[in-house]
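J.: So the protein sequences, as listed, match chains A and B. Numbers in the working numbering are just positions in the first sequence, counted from 1, shifted up by 33. Numbers in the working numbering are just positions in the second sequence, counted from 1, shifted up by 33. Idealized CB from N, CA, C, for every residue including glycine.
2 protein chains.
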Amino acid sequence: MDCEARKFAWFEPGSADELLSQRQVYRNSQSIYEPGEYLFAEGDVHPMAYTLKEGWAICYKQLLDGQRQVVHVALPGDFLGYQTDFSERIDYSVMAVTECKFCGFTPAGIESLLEKDLSLIKRLMEIQNKQNKSCKRTLSVVGQAQAKSKVAYFLADLVERLERRGLDIEETLAFPLSREDIADAIGITPVHLSRVSVELSNAHVVECRHNKLKVMDIPALQHLAEAVF
Amino acid sequence: MDCEARKFAWFEPGSADELLSQRQVYRNSQSIYEPGEYLFAEGDVHPMAYTLKEGWAICYKQLLDGQRQVVHVALPGDFLGYQTDFSERIDYSVMAVTECKFCGFTPAGIESLLEKDLSLIKRLMEIQNKQNKSCKRTLSVVGQAQAKSKVAYFLADLVERLERRGLDIEETLAFPLSREDIADAIGITPVHLSRVSVELSNAHVVECRHNKLKVMDIPALQHLAEAVF
DNA sequence: CGAGGACTTGATCGTATTCAATATTAGTGG
DNA sequence: CCACTAATATTGAATACGATCAAGTCCTCG
Chain A
34 MDCEARKFAW FEPGSADELL SQRQVYRNSQ SIYEPGEYLF AEGDVHPMAY TLKEGWAICY
94 KQLLDGQRQV VHVALPGDFL GYQTDFSERI DYSVMAVTEC KFCGFTPAGI ESLLEKDLSL
154 IKRLMEIQNK QNKSCKRTLS VVGQAQAKSK VAYFLADLVE RLERRGLDIE ETLAFPLSRE
214 DIADAIGITP VHLSRVSVEL SNAHVVECRH NKLKVMDIPA LQHLAEAVF
Chain B
34 MDCEARKFAW FEPGSADELL SQRQVYRNSQ SIYEPGEYLF AEGDVHPMAY TLKEGWAICY
94 KQLLDGQRQV VHVALPGDFL GYQTDFSERI DYSVMAVTEC KFCGFTPAGI ESLLEKDLSL
154 IKRLMEIQNK QNKSCKRTLS VVGQAQAKSK VAYFLADLVE RLERRGLDIE ETLAFPLSRE
214 DIADAIGITP VHLSRVSVEL SNAHVVECRH NKLKVMDIPA LQHLAEAVF
C-alpha cells in the first residue's frame, strides 16, 4: 500500500500500532486477487473484513433484474466488508479491477484489537461515518443531477481521493475503470457516458480515455459536479 | 414514542438502561417541533444527536443548484445527527413533517453514556451499519430502476419499517408525506409520480392518496421494488 | 361557501436509452 | 513484428421514459 494511503486504513500493522500485532490476526491474511476476481459477493456470509493495500476494486449491488449499481470504488487504504454482525449476509460484492492486495481481519482478530486499543473503535466509527456521508452524497447526485454533472461528480470525487493518496493530479493518471464501471456507478448507460465524455473533453475540462485520466480544469469539474466539496 | 419503536432507539431512558440516566444528559433534551420546522440544517455545526420519539421527519441534502434529495424518512426510534466528530458540519438537514418529539443528546452526554456501558458503542455501530446498508440499497434503486420500481421500493421499504414498529399494514395507514417529498426521495418529478401512482392503484397494488396509505398486494409491491428485501 | 394549496391530467418537449454499425484497443499466435 | 480476433469504446438513428409547462380538479381550512 502506498505509504500515503496508510492514514486511511483502519489498522495498519507495522505502523505505530505495531505493539498490537498478534500472529493470529494476520495468519493467511495477505492475499492477491487478479482483475475480475471476487473478494466476496453480495449475499455471502463472509466473516472477514479487509484493508485494500494495493490496486483498485469496485463494490456493487445488484437488483433482482440483474442491473448493477457500483456503490463504491475502493482505493488503497479503504476498509471493506466490515459488519457489526458477521453472521449476517454481506450486502454488496467486491471485485478486483486491477491486481489487488488485501489484508484480511477475522472477527476474532478485530475483537482482540479493539480490546487492546479502545481508540480503534473510534477509528472504526469514523470510517463508518465517512462511508455514510459519502453514500448520501452519491445518492443525491445520482438522484437529482443531469448526466454531465454525474460524470463530473464521479471524476471529481475520485480525483480528490487520489490526490489525498499522494498522486499529482496535474499529471496524467492511471485510470483502470471501464466505461461500464463508471456508467453503473452514476446510473447512466455506457453509450451516453461516451457522448458526455466527448463533451467534457471538448470543453477542456477532463479527458478520460484508454485507461488514462487527465484533468485539465479542476474548478470547472467541481463546479459541474453540483455537489458540495 | 410507540413502545414498539424503542428497540430501534439507541438509548432509551426509562428502559433497562435506567441506571445510566444522568441529569445532564437529558437537560433541555425533550423538544417538540411543528411541521416544517428544522431540527438542524445541512452545513450547520450542530453538536447534538437525537432520537425521534414521535412523528415523521425527512432528512435531505441539497445540490448547489437547489435540487433536493431526501436521503431518509425518519420514523419513531430513528437516531439522527450523530457524528464521530461533532465539530464537523452536518451533511444533511432534518425537517419535521408532522409534529415531532425529539430526545436530544449532547456529545458530553453521549461520551459519559458510552463510558458507563460499553455495549452502547456496539449499538451505535450497529445503527451506523444499518444506515449504511439502507443508503446503499436506496442508491441502487435510485440509480438503476424505472420510476414504477422506485415508487414500489420506497413504499415497500416504508411499509416494512412501519410494520416493525407495530402497525397493522393490512389497515389503511396514516401517511403524511407529500408528493414532492416522495418524488425527491426517489429522484423523479411529482408530476410523474402522480401518473405512476395511478398505475399502481389501477393494478390493485397500493393506494396512496390524501395522506393515507393502503397496501393491497404486498408481494406484488415487493416484486415490483426489484430490491432484495 | 370561498380561497388557497396540493394533486391530477393533458400536451409537448428533451434527455437519455436502445438498437445497430463502425472504430479502436488489447490480446494471441504465426 | 505483424496479422487476426475478441473485447471495448464510439458514433449514428430512432425511440421512449420521464420532464416541463399549463390547465383543471380536488381537498382542506377558514
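(1) If I measure Cβ to Cβ from A189/B and keep anything under 6 Å in the same chain, skipping five residues before and after, which residues do I get?
(2) Have a look at A180/B and L195/A and give me their C-alpha separation to the nearest angstrom.
(3) In chain order, which continuous runs of the alpha helix (DSSP H) of length 4 or greater are located wholly inside the segment 114 to 180 of chain B?
(4) Provide the residue span of the beta strand (DSSP E) that contains V248/A, from first to last.
(5) With DSSP run on the structure shown, which of helix, strand or coil describes F73/B?
(6) Output the boundary residues of the alpha helix (DSSP H) element that contains I215/A.
(7) Under 8 Å: do the segment 145 to 165 of chain B and the segment 86 to 93 of chain B share three or more Cβ pairs, one atom per stretch?
(8) Can you look up A42/A in the DSSP assignment and give me helix, strand or coil?
(9) Strictly under 8 Å for the Cβ-Cβ distance: is E144/A near chain B by that measure?
(10) Mapping DSSP to helix, strand and coil, what is Q255/A?
(11) I'd like to know whether the C-beta atoms of V104/B and K169/A end up nearer to each other than 8 Å.
(12) Within this structure, are the beta carbons of E203/B and C133/B separated by less than 8 Å?
(13) In the segment 127 to 154 of chain B, which residues sit with their C-beta less than 8 Å from some C-beta in chain A, listed in chain order?
(14) Indicate the three-state DSSP secondary structure (helix, strand or coil) for A185/A in the structure shown.
(15) Kindly say whether Y83/B, judged by its beta-carbon, lies nearer than 8 Å to any beta-carbon of chain A.
(16) I'd like the span of the alpha helix (DSSP H) that includes R228/A, first residue to last.
(17) Among residues of its own chain, excluding the 5 on either side of K247/B, which ones have a beta-carbon nearer than 6 Å to its beta-carbon?
(18) Out of A74/B, L96/B, M158/B and G137/B, which one is the CA nearest neighbour of I123/B?
(19) According to DSSP, simplified to helix, strand and coil, what is R198/A?
(20) Quick check on E193/B: does DSSP put it in helix, strand or coil?
(21) Could you list the residues in the segment 162 to 188 of chain A with a C-beta less than 9 Å from some C-beta on chain B, going in chain order?
(22) Using the C-alpha atoms, what's the distance from E232/A back to L226/A?
T.: Straight from the coordinates:
(1) For the purposes of this step, residue 189/B is identified with residue 156 of the second sequence, where counting begins at 1. Contacts found: L254, Q255 and A258.
(2) On the second sequence, residue 180/B is found 147 positions in, with the first residue counted as 1. On the first sequence, residue 195/A is found 162 positions in, with the first residue counted as 1. Straight-line Cα distance between these residues: approximately 35 Å.
(3) 140 to 149 and 152 to 177
(4) As a working note, residue 248/A is residue 215 in the first sequence. V248/A -> beta strand (DSSP E) spans K245 to V248.
(5) Residue mapping note: residue 73/B aligns to position 40 of the second sequence, counting from 1. If DSSP states are grouped into helix, strand and coil, F73/B belongs with the strands.
(6) Counting from one through the first sequence, the residue named residue 215/A turns up at place 182. Unbroken alpha helix (DSSP H) run through I215/A: R212 to I219.
(7) no
(8) Residue numbering aside, residue 42/A sits at position 9 when the first sequence is read from its first letter. Coil, per DSSP.
(9) By one-based count along the first sequence, residue 144/A stands at place 111. Not an interface residue.
(10) Numbered from its first residue, the first sequence carries residue 255/A at position 222. Residue state, collapsed to three classes: helix.
(11) Counting from one through the second sequence, the residue named residue 104/B turns up at place 71. Counting from one through the first sequence, the residue named residue 169/A turns up at place 136. Their beta carbons are under 8 Å apart, which means V104/B touches K169/A by this criterion.
(12) Counted from its first residue, the second sequence places residue 203/B at position 170. Counted from its first residue, the second sequence places residue 133/B at position 100. No, these two residues do not count as a Cβ contact at 8 Å.
(13) I154
(14) Mapped onto the first sequence, residue 185/A falls at position 152. Residue state, collapsed to three classes: helix.
(15) As a first step, residue 83/B is located in the second sequence; it is residue number 50 there, counting from the start. So, not an interface residue.
(16) The residue labelled residue 228/A in the question sits at position 195 within the first sequence. Counting along the chain, the alpha helix (DSSP H) containing R228/A begins and ends at P223 to N235.
(17) For this step, residue 247/B is matched to residue 214 along the second sequence. Excluding sequence neighbours, K247/B sits near T205 and E240.
(18) Numbered from 1 along the second sequence, position 90 holds the residue referred to as residue 123/B. Ranking A74/B, L96/B, M158/B and G137/B by Cα distance to I123/B puts A74/B first.
(19) Taking the first residue of the first sequence as 1, we reach residue 198/A at position 165. Three-state DSSP puts R198/A in coil, outside helix and strand.
(20) Within the second sequence, residue 193/B is the residue found at index 160, counting from 1. Helix, per DSSP.
(21) N162, K163, Q164, N165, K166, C168, K169, R170, T171, L172, S173, V174, V175, G176, Q177, A178 and S182
(22) Walking along the first sequence from the start, residue 226/A turns up at place 193. Walking along the first sequence from the start, residue 232/A turns up at place 199. The straight-line gap from Cα to Cα measures roughly 10 Å.
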